[in-house]
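K.L.:
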Amino acid sequence: MLNLKKQSGISATFEDNMIAFGKDIVSEPVRTRTLEDVRPYLMHKDATSRRKNFYLMYRDPHRTQDEAVFRQYGIRYDITVLFPGTIGGKKGEYVKTIGHTHSAAELYEVLHGTALFVLQEIAGENRIFFIKATKGEKVIIPPEFGHITTNISDEPLILADLFQDSVKSDYSFFKEHQGAAYWVSALGLSSDTKDNALATEGITLTQNTKHKNVGEVIMGTPAEYTGLSKKTPIYTAFVSDPKQFSFLLDPKKAWKILDEQGLCYAEWKEQLA
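Residue numbering for the sequence shown follows the UniProt record's numbering, beginning at 1 and increasing consecutively.
1) What number of angstroms, rounded off, separates the C-alpha of Asp192 from the C-alpha of Glu67?
2) What is the DSSP secondary structure of Ser172, reduced to helix, strand or coil?
3) Buried or exposed: where does Thr226 fall if 16 or more other Cβ atoms within 10 Å of its Cβ makes it buried?
4) Return helix, strand or coil for Gln164, following the three-state DSSP convention.
5) Ser103 to Ala186, Cα distance in whole Å?
6) Compute the distance between the beta-carbons of Pro29 and Lys138, then report whether it is under 8 Å.
7) Using 10 angstroms around the beta-carbon of Ser246, count the other beta-carbons present and answer buried if the total reaches 16, otherwise exposed.
8) Report yes if the CB atom of Ile122 is closer than 8 Å to the CB atom of Gly146, and no otherwise.
9) Would you please verify whether the beta carbon of Ile19 is less than 8 Å from any beta carbon of chain B?
10) Assess, as a yes-or-no matter, whether the region 200 to 217 is touched by the region 228 to 239 under the definition of 3 or more beta carbon pairs within less than 8 Å.
11) For Arg31 and Thr114, I'd like the C-alpha separation in whole angstroms.
12) Quick one: Cα of Ile158 to Cα of Lys230, how far?
13) Rounded to whole angstroms, how far is the Cβ of Leu248 from the Cβ of Pro142, which I believe are closer than 8 Å?
14) Pick from Leu35, Asn151 and Val214: whose alpha carbon is nearest that of Gly88?
15) Which same chain residues end up closer than 6 Å to Gly85 when comparing Cβ atoms and leaving out the 5 residues on each side of it in sequence?
16) State the Cα-Cα distance for the pair Glu93 and Thr150, rounded to the nearest angstrom.
17) Threshold first: 3 residues or longer. Then list the beta strand (DSSP E) segments lying entirely within the UniProt domain "Glucose-6-phosphate isomerase prokaryote" (47 to 187), N to C.
18) In three-state DSSP terms, what is Thr226?
19) What whole-angstrom Cβ distance do Met1 and Leu56 have, given they're in contact under 8 Å?
20) What residue range does the alpha helix (DSSP H) around Tyr235 cover?
21) Keeping to the same chain, check which residues put their C-beta closer than 6 Å to that of residue 275; ignore five residues upstream and five downstream.
22) To which residues does DSSP link Arg33 through a beta bridge?
23) If we ignore side chains and look at the alpha-carbon of each, how far apart do Pro251 and Ala105 end up?
24) Does DSSP put Val214 in a helix, a strand or coil?
25) Apart from the five residues just before and just after Lys256, which ones in its own chain have a Cβ nearer than 8 Å to its Cβ?
26) Output the distance between the C-alpha atoms of Arg59 and Pro40, rounded to the nearest integer angstrom.
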């Protein structure tokens with residue numbers, strides 16, 4: 001059993017491939033993503049897998065005493081579990097979320113495991129960011145950026161996020177393009193793959209040619225943001241000082257933070273496509 005209380009700020013455990021919440025927590029019923037759900041977004045649409053569910057989504061878990069502050073500010077807290085492994089064999093894509101875009105910023109936090117956040121700029125320079133994050137690290141998703149999360153470790157990846165509750169997610173961009181500009185897999189290097197900084201970790205990027213005019217590829221680690229500590233869960237920080245998270249409601253405030261403090265600490269960048 002994995003106790004998530006210290007890391008998440010709420011009474012929750014992970015056991016038998018599911019999250020169990022304490023009696024003081026209310027949550028919507030768990031939602032799942034199966035192979036058929038993710039198939040349109042895969043590098044190989046005919047991929048097979050023995051795994052029934054690739055990831056679980058727990059929407060709006062919160063302590064009953066905190067419901068008023070979440071409703072007042074229109075912010076929702078979610079937890080997502082991505083199971084380990086690959087889709088379509090040992091050298092297939094790592095398990096990933098199907099990805100989406102939305103008009104507001106979103107804040108993610110790794111509760112357990114190792115994540116590779118894939119952030120794609122839909123307009124402008126069409127850059128794509130790969131941000132590797134581990135327990136306690138936070139990542140701000142810029143407004144209007146496409147984003148996918150990949151589990152690149154051999155253990156469950158458990159994420160928390162804060163998001164504007166009234167904003168709808170748009171899945172069409174990644175569905176139309178069969179995923180992001182690069183698929184993240186465990187493939188060995190070959191003529192159709194790109195050697196890069198992730199290759200040393202057994203990770204390969206394969207170009208998705210359905211995306212045109214792809215910009216620079218930036219790889220790095222999460223930036224550190226004022227007021228957001230690795231030691232303090234985003235749930236705890238929000239209920240303590242919800243006004244600090246007004247950037248989730250105002251894209252201009254989100255961009256101000258990102259312009260001043262950065263999206264990530266870039267360790268490597270190159271034009272691959």
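Quick reminder that beta carbons are idealized off the backbone N, C-alpha and C, glycines included.
Please read these numbers as outputs of a predicted model, since none were measured by experiment.
P.N.:
According to the structure shown:
1) Walking along the sequence shown from the start, residue 192 turns up at place 192. Walking along the sequence shown from the start, residue 67 turns up at place 67. With a pLDDT of only 47 at Asp192, under the threshold of 50, the placement of this residue in the model should not be trusted; the figure read from the coordinates follows. Distance between the alpha carbons of Asp192 and Glu67 is about 50 Å.
2) Here residue 172 refers to the residue found at position 172 of the sequence shown. Here Ser172 sits in helix by DSSP.
3) Position 226 of the sequence shown, counted from the start, is the residue given in the question as residue 226. Exposed: under 16 other Cβ atoms inside 10 Å.
4) As a working note, residue 164 is residue 164 in the sequence shown. Residue state, collapsed to three classes: strand.
5) Residue mapping note: residue 103 aligns to position 103 of the sequence shown, counting from 1. Residue mapping note: residue 186 aligns to position 186 of the sequence shown, counting from 1. In a straight line, the C-alpha of Ser103 is about 32 Å away from that of Ala186.
6) For the purposes of this step, residue 29 is taken as residue 29 along the sequence shown, with counting starting at 1. For the purposes of this step, residue 138 is taken as residue 138 along the sequence shown, with counting starting at 1. Cβ atoms of Pro29 and Lys138: not closer than 8 Å.
7) As a working mapping, residue 246 is identified with position 246 in the sequence shown. Burial call: exposed.
8) Mapped onto the sequence shown, residue 122 falls at position 122. Mapped onto the sequence shown, residue 146 falls at position 146. Closer than 8 Å, so yes.
9) No chain B appears in this structure, which consists of one protein chain only.
10) Pairwise C-beta distances place the region 228 to 239 out of contact with the region 200 to 217, as fewer than three of them are shorter than 8 Å.
11) Reading the sequence shown from its first residue, position 31 is the one you call residue 31. Reading the sequence shown from its first residue, position 114 is the one you call residue 114. Roughly 22 Å separates the two Cα atoms.
12) Translated into the one-based positions of the sequence shown, residue 158 becomes position 158. Translated into the one-based positions of the sequence shown, residue 230 becomes position 230. So the two alpha carbons sit approximately 15 Å from each other.
13) Residue mapping note: residue 248 aligns to position 248 of the sequence shown, counting from 1. Residue mapping note: residue 142 aligns to position 142 of the sequence shown, counting from 1. That belief does not hold up - the Cβ atoms of Leu248 and Pro142 are roughly 12 Å apart, past 8 Å.
14) The sequence position of residue 88 within the sequence shown is 88, counting from 1. Measuring from the Cα of Gly88, the nearest candidate turns out to be Leu35.
15) In the sequence shown, the residue the question calls residue 85 occupies position 85. The residues are Val95.
16) Position 93 of the sequence shown holds residue 93. Position 150 of the sequence shown holds residue 150. Roughly 9 Å separates the two Cα atoms.
17) 53 to 59, 75 to 82, 106 to 112, 115 to 121, 128 to 133, 138 to 141, 145 to 151, 157 to 164 and 182 to 185
18) Residue mapping note: residue 226 aligns to position 226 of the sequence shown, counting from 1. Coil at Thr226, not helix or strand.
19) One-based indexing of the sequence shown puts residue 1 at position 1. One-based indexing of the sequence shown puts residue 56 at position 56. No, Met1 and Leu56 are not in contact; Cβ-Cβ is about 16 Å, not under 8 Å.
20) If you number the sequence shown from 1, residue 235 lands on position 235. Start and end: Ile234 to Ser240.
21) Residue 275 lies beyond the stretch modelled for the chain, which goes from 1 to 273, so this question has no answer here.
22) The residue labelled residue 33 in the question sits at position 33 within the sequence shown. Tyr55.
23) Counting from one through the sequence shown, the residue named residue 251 turns up at place 251. Counting from one through the sequence shown, the residue named residue 105 turns up at place 105. Straight-line Cα distance between these residues: approximately 6 Å.
24) Against the sequence shown, residue 214 aligns to sequence position 214. Val214 falls in the coil class under three-state DSSP.
25) In the sequence shown, residue 256 corresponds to position 256, counting from 1. Around Lys256: Phe247.
26) Taking the first residue of the sequence shown as 1, we reach residue 59 at position 59. Taking the first residue of the sequence shown as 1, we reach residue 40 at position 40. Each residue's Cα considered, the two are about 23 Å apart.
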